[in-house]
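S.K.: Take the sequence shown: its letter number 225 is residue 226 in this note's numbering, and every next letter is one higher. We put the beta carbon where it would ideally sit given N, CA and C, even for glycine. Take this structure first; my questions come after.
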Amino acid sequence: MMLAIGAGLWWWFAERDPEGDKRLEQEVLLARASAVVGESVLAARAPLEVEEADPELGTSKREEQLNAVWVEGEEVEMRGVLKSGESISGVLNARNISTQSIHSVVSATAKEFNFRRSRPGDEWFVRVGADGKINLLRYQSSPEDIWETTRSGDDTYQCVKLEVAVQVREEVIGGVVKSSLWQAVADQGEDGSLIYNFADIFAYTIDFNANTQPGDRFALVFEKVYIEDQFLRYGRVLAGAYTSEGRVYQGFYHQGAEDEGDYYDEKGENMKRQFLKSPLASVRVTSSYGRRFHPVLKKGKMHNGVDYGAPIGTKIRAVADGKVVYAGYKGANGNLIVLSHANGYRTIYAHLSKINKQVRPGKRVSKKQIIGRVGNTGRSTGPHLHFGMKHNGRYIDPSKVDAERGEPLKGSERARFLDDIVEPLSKRLNKALEKTGYKLEAAPINDQPSISAR
């Protein structure tokens, strides 16, 4: 069952867009808690209180609100849940509320909430006066995100986002990879989706598609967000450690005074580099860089790239900021995208099933932007992505590129980072690793930490 849940969540997170759909990427996690959590949040507010069924009516107040229609001269409360293709204006109009009244309250709400971000499953509640005007609109896009718009005596509307009390708890897990990193996290009782937050720390350092080995160890300190003791979603990963083939990788979250936060290693070096290690979130390498027997041409040939096996439709990320050089069909490459990057680099993405509409020659793309989908076009024997890289016009092995890092921490900020973040969180990571049979040994600040079997 856990494996099935993990597979479903993998599909959801592999298919997400990095911009504009942040809330969408959480909906799978929210779905479990939404029914209970959403009800508990709303139950604390009198207008949305759910009442016991009235024996005479044979129905509950909530059910009445779900089916209520405004009748002239009567006050009414109504609620609903948006379905696919619906808008808040459309559903209110279908409940016999005038277009003018809807426009007034929706326009005021739109100053705080962009209704273009409405999604199926969003909940709404309105209270309509005898004059047909909306006195209150409450719109909920998640258990955390609730907007309330009220009508004042001069017929103007004011919208505010309601404060919802959440609890953030820190937890620690550690484990051993047996079949996959995803399953190893699931074996610790957490949703496999947590691994995407963990893997994102090492996105520039480790290619988990190629480098994960049975026997690898991992540990992470992370946040879990709750509403009234009901799990809502995962928060930040505060620290992570990964051990493989005798090497130890560590990353720690640090938020400076003027930035949104980033990950640094145990010495304060920025873990962000020019390139991601892989254009796909989590799949398998089916062919590496170098000479090989070509499966179609039936002869030895240089393979100028890395092939990633993945289902058709899996989304492909740009591995770095860049400019589109080519986007279209090109012979044996099938649907092809070529991007140019700083410092003389180019990346190649071949055999795509689809190229995103915004990816056109001359356009800029950003790192992690979804540019297309895995396919089986051109000279291809099965669904996969061929990923190539050139430097100053010559093909190179993408898996061996270690491009320039971002800015490291310096001076007093680095000192605080080492004392306040690395030291305490390293102890927690070490304790979790010890439970897997390994110990992270302390090392001088300029040396690589090591692990030893206990």
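Check the C-beta distance from residue 70 over to residue 94 and give it rounded, since I have them as a contact under 8 Å.
M.R.: One-based indexing of the sequence shown puts residue 70 at position 69. One-based indexing of the sequence shown puts residue 94 at position 93. Rounded, the Cβ-Cβ distance is 11 Å, inconsistent with contact.
S.K.: Beta carbon of residue 236, beta carbon of residue 202: below 8 Å?
M.R.: Here residue 236 corresponds to residue number 235 of the sequence shown, with the count starting at 1. Here residue 202 corresponds to residue number 201 of the sequence shown, with the count starting at 1. Not closer than 8 Å, so no.
S.K.: Helix, strand or coil, according to DSSP, for residue 151 in the structure here?
M.R.: As a first step, residue 151 must be located in the sequence shown, where it is residue number 150. Three-state DSSP puts residue 151 in a strand.
S.K.: What is the DSSP secondary structure of residue 125, counted as helix, strand or coil?
M.R.: Counting from 1 along the sequence shown, the entry for residue 125 is found at position 124. DSSP places residue 125 in strand when its eight states are reduced to three.
S.K.: Buried or exposed: where does residue 303 fall if 16 or more other Cβ atoms within 10 Å of its Cβ makes it buried?
M.R.: What you label residue 303 is simply residue 302 of the sequence shown in a count that begins at 1. By the neighbour-count rule (16 or more Cβ atoms within 10 Å), residue 303 is not buried but exposed.
S.K.: How is the alpha helix (DSSP H) around residue 66 delimited, first residue to last?
M.R.: For the purposes of this step, residue 66 is taken as the residue at position 65 of the sequence shown. Counting along the chain, the alpha helix (DSSP H) containing residue 66 begins and ends at 62-68.
S.K.: For the alpha helix (DSSP H) that residue 196 lies in, which residues bound it at each end?
M.R.: On the sequence shown, residue 196 is found 195 positions in, with the first residue counted as 1. Here the alpha helix (DSSP H) through residue 196 covers 195-202.
S.K.: Please report the straight-line C-alpha distance between residue 227 and residue 394, rounded to a whole angstrom.
M.R.: For the purposes of this step, residue 227 is taken as the residue at position 226 of the sequence shown. For the purposes of this step, residue 394 is taken as the residue at position 393 of the sequence shown. Those two C-alpha atoms are separated by around 52 Å.
S.K.: Could you check which residue in 229, 180, 206 and 162 has the C-alpha nearest to that of residue 168?
M.R.: Within the sequence shown, residue 168 is the residue found at index 167, counting from 1. Residue 168 has its Cα closest to that of 229, out of 229, 180, 206 and 162.
S.K.: How many whole angstroms separate the CB atoms of residue 402 and residue 360, which I take to be in contact at a CB cut-off of 8 Å?
M.R.: Position 401 of the sequence shown, counted from the start, is the residue given in the question as residue 402. Position 359 of the sequence shown, counted from the start, is the residue given in the question as residue 360. With a Cβ gap of about 22 Å, residue 402 and residue 360 do not count as contacting.
S.K.: In angstroms, rounded to a whole number, what distance separates the CA positions of residue 121 and residue 309?
M.R.: By 1-based counting over the sequence shown, the position of residue 121 is 120. By 1-based counting over the sequence shown, the position of residue 309 is 308. Answer to the nearest angstrom: the Cα atoms are 33 Å apart.
S.K.: Classify residue 382 as buried or exposed, calling it buried when 16 or more other Cβ atoms lie within 10 Å of its own Cβ.
M.R.: Within the sequence shown, residue 382 is the residue found at index 381, counting from 1. It is exposed - the Cβ of residue 382 has fewer than 16 other Cβ atoms within 10 Å.
S.K.: From residue 386 to residue 206, what does the alpha carbon distance come to, in whole angstroms?
M.R.: Taking the first residue of the sequence shown as 1, we reach residue 386 at position 385. Taking the first residue of the sequence shown as 1, we reach residue 206 at position 205. About 21 Å.
S.K.: What did DSSP end up calling residue 118 once you bin it into helix, strand or coil?
M.R.: If you number the sequence shown from 1, residue 118 lands on position 117. Helix at residue 118.
S.K.: Could you tell me which of 307, 172, 250 and 257 sits nearest to residue 433, measuring between CA atoms?
M.R.: Here residue 433 refers to the residue found at position 432 of the sequence shown. Nearest option by C-alpha distance: 172.
S.K.: What is the residue span of the beta strand (DSSP E) that residue 135 lies within?
M.R.: Here the question's residue 135 lines up with position 134 in the sequence shown. It spans 135-141 - the beta strand (DSSP E) in which residue 135 sits, taken as one unbroken run.
S.K.: Rounded to whole angstroms, what's the CA-CA distance from residue 348 to residue 223? Just pull it up for me.
M.R.: In the sequence shown, residue 348 corresponds to position 347, counting from 1. In the sequence shown, residue 223 corresponds to position 222, counting from 1. Whole-angstrom Cα-Cα distance: 34 Å.
S.K.: Let me know if residue 131 comes out buried or exposed under the rule of 16 or more other beta-carbons within 10 Å of its beta-carbon.
M.R.: The sequence position of residue 131 within the sequence shown is 130, counting from 1. Classification for residue 131: exposed.
S.K.: In angstroms, rounded to a whole number, what distance separates the CA positions of residue 179 and residue 136?
M.R.: Here the question's residue 179 lines up with position 178 in the sequence shown. Here the question's residue 136 lines up with position 135 in the sequence shown. Whole-angstrom Cα-Cα distance: 58 Å.
S.K.: Does the beta-carbon of residue 365 have 16 or more other beta-carbons within 10 angstroms, so that it is buried, or is it exposed?
M.R.: Along the sequence shown, one-based indexing puts residue 365 at 364. Burial call: exposed.
S.K.: What does residue 77 pair with, by DSSP beta-bridge criteria?
M.R.: Working through the sequence shown from its first residue, we reach residue 77 at position 76. In DSSP, residue 77 forms a bridge with 129.
S.K.: Does the beta-carbon of residue 312 have 16 or more other beta-carbons within 10 angstroms, so that it is buried, or is it exposed?
M.R.: Position 311 of the sequence shown, counted from the start, is the residue given in the question as residue 312. Answer is exposed; the Cβ neighbour count stays below 16.
S.K.: By DSSP's criteria, residue 353 is part of a beta bridge. Which residues make up the other side?
M.R.: For the purposes of this step, residue 353 is identified with residue 352 of the sequence shown, where counting begins at 1. Partner(s): 336.
S.K.: Write down every uninterrupted run of the beta strand (DSSP E) in the segment 215-247 whose length is 3 residues or greater and which is fully enclosed by it, in chain order.
M.R.: DSSP runs (the beta strand (DSSP E)) wholly in the segment 215-247: 218-228 and 231-245.
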